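Numbering follows the numbering used here, in which position 57 of the sequence shown is assigned residue number 782; successive positions increment by one, without gaps.
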Amino acid sequence: MSQDLYEAARAVRENAHAPYSNFRVGVAIRSSSGIFVGCNVENASYPEGNCAESGAISAMIAGGDVEILEVLVYGEADTPVAPCGGCRQKLAEFSSPSVPVKLAGPEGVRVEMTVGELLPAAFSLK
Ligand code: THU
């Protein structure tokens, strides 16, 4: 059941700070202790911007949890919005390869994949 993640990601997208790209993204992560959300936060110094995934992961860590159970990315583009390469690595740090990642838009979930599919052969602590 991802409806709660969907609603959380869609809602937090409204808070995105994206005056440069005008492309807002919301992410919700489920962990054992609850749902954590993030939105993209851009910066006039472009490389200093943060992706929504990064914000949600930071919120989870600050909340004291370290294990991602499910991820939902919400964006409004013609095609599914998938995490960038750097965020795939960040997700993999706190996920098993089987963790589901749902890519959603206004009509609902468009694509379902896993962290392992997003980043095969991930570099890790192991
Ligand atoms: N972005 C995210 O926050 N997450 C994604 O999954 C894809 C892209 C952001 C980065 C930037 O602020 C804007 O979308 C346009 O690339």
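Glycine is no exception: its CB is placed at the ideal position from the N, C-alpha and C atoms.
In this text, all values refer to a predicted model and were calculated from it rather than measured experimentally.
Y799: not part of any alpha helix (DSSP H); member of the beta strand (DSSP E) spanning I793 to G800, first to last residue. A contact between stretches requires three or more CB pairs, one per stretch, nearer than 8 Å, and the segment 752-763 meets this requirement with the segment 777-796. Looking only at L844, G763 and V834, the smallest Cα-Cα distance to P822 is reached by L844. Pairing V806 with C764, the inter-Cα distance amounts to about 13 Å.
For E837, no alpha helix (DSSP H) encloses it; the enclosing beta strand (DSSP E) starts and ends at G833 to T839.
A784 sits away from E767, with the two beta carbons spaced by 7 Å or more.
Each residue's CA atom was taken as its position, placing A741 and A846 some 31 Å apart.
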